[in-house]
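Protein chains in written order, with numbering that gives the first Met the number 0: chain A, 0 to 122; chain B, 0 to 154. Note that CB positions come from ideal geometry on N, CA and C, so glycine has one too. From a predicted model like this one, the values you see are computed outputs, not experimental measurements. Report on the structure given below.
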Amino acid sequence: MPTAYRQDMPPEGGFEMIKYKRNLPFRGPGGLAILGGVLAVCTYGMYRVALGNLERRELRREKTWARLHLVPLLLAESDRDTYRRQQAALARETEIMKNVEGWEPGKSVYNNPKHRPQEFVVI
Amino acid sequence: MSYKDGTKSTLGPYVDPTPLPASVPQVAELGVTSAPLKSAAFFIGAHCKEYNEDFMLCKNENRDPAHCLLEGRRVTRCAADLINKMRENCVKEFNEHWGCLELNNQEYYRCRKPERTLNKCMFDKLGLKKVIPGTPEGQTQIHEVENPIHKRMQK
Numbered sequence: 000m001p002t003a004y005r006q007d008m009p010p011e012g013g014f015e016m017i018k019y020k021r022n023l024p025f026r027g028p029g030g031l032a033i034l035g036g037v038l039a040v041c042t043y044g045m046y047r048v049a050l051g052n053l054e055r056r057e058l059r060r061e062k063t064w065a066r067l068h069l070v071p072l073l074l075a076e077s078d079r080d081t082y083r084r085q086q087a088a089l090a091r092e093t094e095i096m097k098n099v100e101g102w103e104p105g106k107s108v109y110n111n112p113k114h115r116p117q118e119f120v121v122i
Numbered sequence: 000m001s002y003k004d005g006t007k008s009t010l011g012p013y014v015d016p017t018p019l020p021a022s023v024p025q026v027a028e029l030g031v032t033s034a035p036l037k038s039a040a041f042f043i044g045a046h047c048k049e050y051n052e053d054f055m056l057c058k059n060e061n062r063d064p065a066h067c068l069l070e071g072r073r074v075t076r077c078a079a080d081l082i083n084k085m086r087e088n089c090v091k092e093f094n095e096h097w098g099c100l101e102l103n104n105q106e107y108y109r110c111r112k113p114e115r116t117l118n119k120c121m122f123d124k125l126g127l128k129k130v131i132p133g134t135p136e137g138q139t140q141i142h143e144v145e146n147p148i149h150k151r152m153q154k
């Protein structure tokens with residue numbers, strides 16, 4: 000009596016191939032292109048930085064010259080003020096020391112004729 | 000400072016209100032704050048060149064404040080004259096520019112727009128031109144560059 004079974008056989012046309020090959024679809028530009036792009040962007044950026052540095056140098060000179068143009072004006076004003084205070088101090092000293100013999104008001108303790116600013120200023 | 004009488008000061012008893020000796024001619028101090036001075040700096044440099052150089056040469060001879068009082072008065076008078084002229088001729092542009100400087104940390108590069116109108120007005124009315132000495136040959140002066148890298152908005 001024949002046994003009721005069915006031999007398990009490969010499907011019609013055989014098994015399909017085993018998928019052992021890499022399957023990586025193309026996504027975006029290649030490595031060289033990205034490297035080149037990054038390099039290009041960086042080069043442009045550094046170029047702008049260099050231009051900006053040159054420009055900052057000019058801006059600094061502009062600021063310096065603006066200040067230089069104002070130096071005589073401010074110096075003249077502060078000179079008048081210093082002179083006024085010096086004269087007042089001299090008058091004060093003369094008044095205070097009038098009874099001291101041999102005292103020269105306003106005499107410097109140095110023998111150098113070069114001008115030096117006063118050490119003490121009454122504000 | 001020198002143009003305050005000192006008597007109203009709250010600094011205490013050490014204020015010296017003594018005025019200048021009568022032998023020295025009086026000159027009205029300029030009394031202009033920093034932003035208008037900065038706005039007018041290059042015009043002062045152009046307008047008062049001779050007086051400024053004379054004063055600085057005199058200071059080079061001797062640093063004593065008594066030595067250059069005459070030259071100093073001339074410098075101050077010239078600057079006051081220029082400020083008055085600016086206020087007569089270009090007061091709107093002048094106020095705009097120094098107001099802008101006041102609001103922008105007194106940086107010229109952030110105030111190019113009002114500066115250009117002021118420069119134009121000063122050149123048209125008074126014939127004074129802003130020139131920055133030492134700019135490399137053949138290069139546009141930095142205040143005339145149309146599209147600079149450093150401006151109000153960093154890009």
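Cβ of residue i less than 8 Å from any chain B Cβ?
i, result
"P104 of chain A", "no"
"Q86 of chain A", "yes"
"E57 of chain A", "yes"
"L69 of chain A", "yes"
"A75 of chain A", "yes"
"K62 of chain A", "yes"
"Y109 of chain A", "no"
"R21 of chain A", "no"
"H114 of chain A", "yes"
"Y43 of chain A", "no"
"E118 of chain A", "no"
"A65 of chain A", "yes"
"L72 of chain A", "yes"
"E54 of chain A", "yes"
"L50 of chain A", "yes"
Helix or strand or just coil, what does DSSP make of residue i?
i, result
"S1 of chain B", "Low confidence applies to S1 of chain B: its pLDDT is 40, below 50, so where it sits in the model is not reliable, and the reading given next is rough at best. Coil, per DSSP."
"H149 of chain B", "coil"
"M121 of chain B", "helix"
"R115 of chain B", "helix"
"A78 of chain B", "helix"
"S107 of chain A", "coil"
"D4 of chain A", "According to the sequence shown, residue 4 of chain A is Tyr rather than Asp. DSSP places Y4 of chain A in coil when its eight states are reduced to three."
"A44 of chain A", "The sequence given here has Gly at residue 44 of chain A, not Ala. In this structure, G44 of chain A counts as helix in the three-state DSSP scheme."
"N83 of chain B", "helix"
Using beta-carbon positions only, say whether residue i and residue j come within less than 8 Å of one another.
i, j, result
"I43 of chain B", "H68 of chain A", "yes"
"C89 of chain B", "L117 of chain B", "yes"
"G101 of chain A", "L89 of chain A", "no"
"D80 of chain A", "L68 of chain B", "no"
"Y109 of chain A", "A65 of chain B", "no"
"A45 of chain B", "A79 of chain B", "no"
Is the shortest distance between the beta-carbon of residue i and the beta-carbons of chain A less than 8 Å?
i, result
"A40 of chain B", "yes"
"H142 of chain B", "yes"
"V34 of chain B", "Strictly speaking, residue 34 of chain B in this sequence is Ala, with Val absent from that position. Taking Cβ atoms only, chain A never reaches closer than 8 Å to A34 of chain B, which makes this a no."
"T116 of chain B", "no"
"R86 of chain B", "no"
"E145 of chain B", "no"
"I131 of chain B", "yes"
"M152 of chain B", "no"
"N44 of chain B", "For clarity, residue 44 of chain B is Gly in the given sequence; the question names Asn instead. Answer yes: the Cβ-Cβ gap between G44 of chain B and chain A drops below 8 Å somewhere."
"C67 of chain B", "yes"
"G71 of chain B", "yes"
"E60 of chain B", "no"
"N51 of chain B", "yes"
"F93 of chain B", "no"
"A78 of chain B", "yes"
"P20 of chain B", "yes"
What residues from chain E crowd round residue i, counting only those whose CB sits closer than 9 Å?
i, result
"Y46 of chain A", "The structure shown contains no chain E; the protein chains it does contain are A and B."
* Okay, do the region 136 to 148 of chain B and the region 55 to 65 of chain A touch, 3+ Cβ pairs below 8 Å being the bar? -> Yes, the region 136 to 148 of chain B is in contact with the region 55 to 65 of chain A.
* **Sufficient close CB pairs (3 or more, under 8 Å) joining the region 23 to 37 of chain B to the region 123 to 134 of chain B** => Because the criterion of three Cβ pairs below 8 Å is not met, the region 23 to 37 of chain B and the region 123 to 134 of chain B do not touch.
* Cβ contact (3+ pairs, closer than 8 Å) linking the region 69 to 76 of chain A and the region 46 to 59 of chain B -> Enough Cβ pairs lie closer than 8 Å, so yes.
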